[in-house]
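Colleague: Input: one structure, supplied below.
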Amino acid sequence: MSGKYSAYYDNNFTQNAKKILQKYIEDCVSNGKKYQLAPEAIAEYVSSKVKELTAEIAEVDAEAVMDIIGQLPSAAEIANECREKPEFAESNGYAQLHLSENNRFLGGVCGGLGEYFRIDPTLIRVAFIAGSFIGGAAIVVYIILWLAFFEKEKGKDYPPLVALIFQVLNILRVVVISLLWVVSKKKVATSSPQQTENKTQKKDEPEPVKKRNFFRRVFGGLTFVAMSLLLYLPSILVLLGIASFSLWGIFYPIVDIDGFQFSFAQLSIPGVVLAISAAVLTFLLFLLVITFVGRLHFKAKVMGKTMGVFTILFIVLSIFSLGSSVAITAFQNRNVESNTVVHTIPSDKEINFSLEHLRSHVRVESLKIRGEKTAEQITVRCDISARGEDSEQAENNLQNIQVSWLEGKVFPQIVKNSDDFHFEKINIEVVVPTTKKIAIKGRSRKRLIIEGVFSQQIELDLDHSHIVLQNIETPEINLVGKKTFFQLSEVKIPLAKVNLERGKTHIKNSDIENLMIHSYRGRVHCTESNIQLQLHNDKGHAFIMENVGVLEIENHRGHVEIRDHKFIEKSQSSIACKHGSLDIGLSTKNLPQFNITNSHSRVRNKLPNFSSGDAIVDLNLNYGRVYLHPVYIDH
339 MSGKYSAYYD NNFTQNAKKI LQKYIEDCVS NGKKYQLAPE AIAEYVSSKV KELTAEIAEV
399 DAEAVMDIIG QLPSAAEIAN ECREKPEFAE SNGYAQLHLS ENNRFLGGVC GGLGEYFRID
459 PTLIRVAFIA GSFIGGAAIV VYIILWLAFF EKEKGKDYPP LVALIFQVLN ILRVVVISLL
519 WVVSKKKVAT SSPQQTENKT QKKDEPEPVK KRNFFRRVFG GLTFVAMSLL LYLPSILVLL
579 GIASFSLWGI FYPIVDIDGF QFSFAQLSIP GVVLAISAAV LTFLLFLLVI TFVGRLHFKA
639 KVMGKTMGVF TILFIVLSIF SLGSSVAITA FQNRNVESNT VVHTIPSDKE INFSLEHLRS
699 HVRVESLKIR GEKTAEQITV RCDISARGED SEQAENNLQN IQVSWLEGKV FPQIVKNSDD
759 FHFEKINIEV VVPTTKKIAI KGRSRKRLII EGVFSQQIEL DLDHSHIVLQ NIETPEINLV
819 GKKTFFQLSE VKIPLAKVNL ERGKTHIKNS DIENLMIHSY RGRVHCTESN IQLQLHNDKG
879 HAFIMENVGV LEIENHRGHV EIRDHKFIEK SQSSIACKHG SLDIGLSTKN LPQFNITNSH
939 SRVRNKLPNF SSGDAIVDLN LNYGRVYLHP VYIDH
């Protein structure tokens, strides 16, 4: 016989003795692997002990080997004995990440990292605590490491947090088995004596093996599904919450078909099928993830072949029902009918552009205000579309939509006379004369587009809104927003004032002679524009890229990035930074002259010591961080 470790014992062993000794050595090696011990070293150590006890035996048979193994320590004891000696450590070329046993505060992750990198674990703990206040990513990283690391001292088969989860699942399994046992006992107690006698006789008879295995598999599968459902319960609650909230317009839409957006309530029976299919599909995928993780990482068989086949079958059926429910919805409501309602208002009449007056039970797909030189009065155009199973139903659905205006209000009120199963959308466009002043206040989550020519200034004071200003010519724009998103594109104006609080301002491809922005905890993006920028950034973020013009920036506890800005020749710009950070990357083709006044600031200057342009930039730094570096951008 030639086993894997046959070289470690003599030839005076019988074949049966060699098999027994081979099995013992393999058990010792298997236990040693838990502590990263070298298999050859353990095998040699065990064989040396066996040789000492068999030195005076001429022929070692199976009985003698059994007696010798009985005198030796168990496989686990030998592994514990060897792990204390460094010569048994397996040389794998890298250190082992593990949970620390002696230096732990919570799970031992920081202590294990400290032992791995040979640094003080306190520094790692401070880094994790600081990271938990910056986005919370450190908490997720800590949990992942806790799940992944093993305990070096205890040598467990699973990481401790995973073992804890398995213990909880095992407790739940015991509870389920106990409940089933109680139910079965009640059934026995309520059964007749004749039935009890028959069952007793059946118990004495041997049960078919296949039947017992079948029910055990079914019970094991049901237990696995029950445990997985408990783990999956938060995801199910999220799906049910999305389905329920869509009834009131939250998480709306669920489905978007050609601009028509539907909720589960509008989808009716196909919507129910869609929701159930989505829940079942995600749950089955969740089961597969658990199965693969258990199989590949923990070498545990979680799902049998029969259950795996049924799982894949149900996944295919879920995908089919998911797609068919959407297809049925689109097919049943494939006919579209449209109608246009036009309302005119004299331009000399006092009107109100407030978005809060817009009341609509129908989805507003687009909302636009356009200034025209040829317009003599204000014209409000509402294009309404509705879907149905056929043209007649679509027309009836269209007639259920009523559009009306209040006195002095520009935006309409749109109501439905019926809440039947139908879908609709509306596009609103307001055409105003160029002489009309646009002043809008209020709060609306609808996206408003303003474009065209206006001879008077545009004033917007909005909260939680999304405003797009594009292709505009006007003498002045005054924007005030709280958590509002302003987009300026293809704008050509002399003056623009933006007062932003916790919102966003995006400016692109615009020509603004004087742009004044005050941002408090907001985000400002200005790219590819001709501007003279005056920016006051207070605890916000500003990104200025590939612009041309003069800069006057005050940065207080915020962050400003400037990329490839082209300063006007013989101009003077100023940038002040107090308790904030600046990241300035400029092309060496148009490099200005920097005059730096530094007070307790950290400056990293990698720009060349020459200026290739006539512009001057004054940097006034006070307790800030500045990084100056060249950039190379192909235009």
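Residues in the sequence shown are numbered consecutively from 339, following my numbering.
Just so you know, even glycine gets a beta-carbon here, dropped at the ideal spot from N, CA and C.
Computed from a prediction, not measured in an experiment: that's the story for all the values here.
1. Would you give the residue range spanned by the beta strand (DSSP E) that Y965 belongs to?
2. Assign L830 to buried or exposed, taking buried as 16 or more other Cβ atoms, counted over all protein chains shown, within 10 Å of its Cβ.
3. Please tell me whether N735 and G746 are closer than 8 angstroms, where the distance is taken between their beta carbons.
4. How close, in whole Å, do the beta carbons of I776 and I707 come, if the pair is a contact with beta carbons under 8 angstroms?
5. If you pair each beta-carbon of the segment 927-935 with each one of the segment 890-901, do three or more pairs fall below 8 angstroms?
6. What separation, rounded to the nearest whole angstrom, lies between the Cα atoms of E767 and G709?
7. Helix, strand or coil for F823, going by three-state DSSP, please let me know.
8. By DSSP, does K747 sit in helix, in strand, or in coil?
9. Using the Cα positions of C864 and E884, report the straight-line distance between them to the nearest angstrom.
10. Tell me whether the beta-carbon of S723 lies closer than 8 angstroms to the beta-carbon of S676.
11. Residue range of the alpha helix (DSSP H) that V367 falls in?
12. If you run the structure through DSSP and keep just helix, strand and coil, what is H695?
13. Counting pairs of beta carbons, one from the segment 436-453 and one from the segment 382-392, are three or more of them closer than 8 angstroms?
14. Would you mind sorting I845 into buried or exposed? The rule is 16 or more other CB atoms within 10 Å of its CB.
15. Excluding the five sequence neighbours on either side, which residues of its own chain have a C-beta within less than 6 angstroms of the C-beta of Q794, listed in chain order?
16. Tell me where the beta strand (DSSP E) around E394 begins and ends.
17. With burial defined as no fewer than 16 other Cβ atoms inside 10 Å of the residue's Cβ, what is the status of R942: buried or exposed?
18. Report the rounded CA-to-CA distance for I882 versus I739, giving the unit in angstroms.
19. Per the DSSP calculation, V322 is bridged to which residue(s)?
20. Per DSSP, which residues does P684 bridge with? Please list them.
21. What is the DSSP secondary structure of A834, reduced to helix, strand or coil?
22. Compare the beta carbon distance of R963 and S919 with 8 angstroms and say whether it is the shorter of the two.
23. Taking S685 and Q715 to be in contact with their CB atoms under 8 angstroms, please state how far apart those CB atoms are, rounded to whole angstroms.
24. Tell me whether G431 sits in a helix, a strand or coil according to DSSP, three-state version.
25. Would N947 be called buried (16 or more neighbouring beta carbons within 10 Å of its own) or exposed?
26. Taking the straight line between their C-alpha atoms, what separation do you get for G317 and K821?
27. Can you tell which of L800, E688, L375 and A417 has the C-alpha that lies nearest to the C-alpha of L694?
28. What first and last residue would you give for the beta strand (DSSP E) that runs through V700?
29. What span of residues does the alpha helix (DSSP H) with N851 cover, start to end?
30. Shortest alpha-carbon distance to E762 belongs to which of K711, A381, E703 and I810?
Modeller: In brief:
1. R963 to P968
2. According to the sequence provided, residue 830 is Lys. The question's Leu does not apply to it. The residue in question, K830, is exposed, as its Cβ has fewer than 16 Cβ neighbours within 10 Å.
3. No. Outside cutoff.
4. 7 angstroms
5. no
6. Looking at the backbone, the Cα of E767 and that of G709 are separated by about 11 angstroms.
7. strand
8. strand
9. 9 angstroms
10. yes
11. Q353 to K371
12. helix
13. no
14. buried
15. So the list reads K775, once near-sequence residues are dropped.
16. Segment: none, E394 is in no beta strand (DSSP E) and carries neither H nor E.
17. Counting Cβ neighbours within 10 Å, R942 comes out exposed, since fewer than 16 surround it.
18. 46 angstroms
19. Because the chain here runs from 339 to 973, residue 322 falls outside it and cannot be looked at.
20. Q715
21. strand
22. yes
23. 5 angstroms
24. Note on G431: pLDDT 45, under 50, position unreliable in the model; no value is reported.
25. exposed
26. Nothing about residue 317 can be read from this structure; the chain reaches only from 339 to 973.
27. Looking at the sequence shown, residue 694 is not Leu but Glu. The residue with the shortest Cα to Cα distance from E694 is L800.
28. Looking at the DSSP string, V700 is not in any beta strand (DSSP E), and its letter there is neither H nor E.
29. According to the sequence displayed, residue 851 carries Glu and not Asn. Run containing E851: none in the alpha helix (DSSP H); it sits in the beta strand (DSSP E), D849 to Y858.
30. Answer by Cα proximity: E703.
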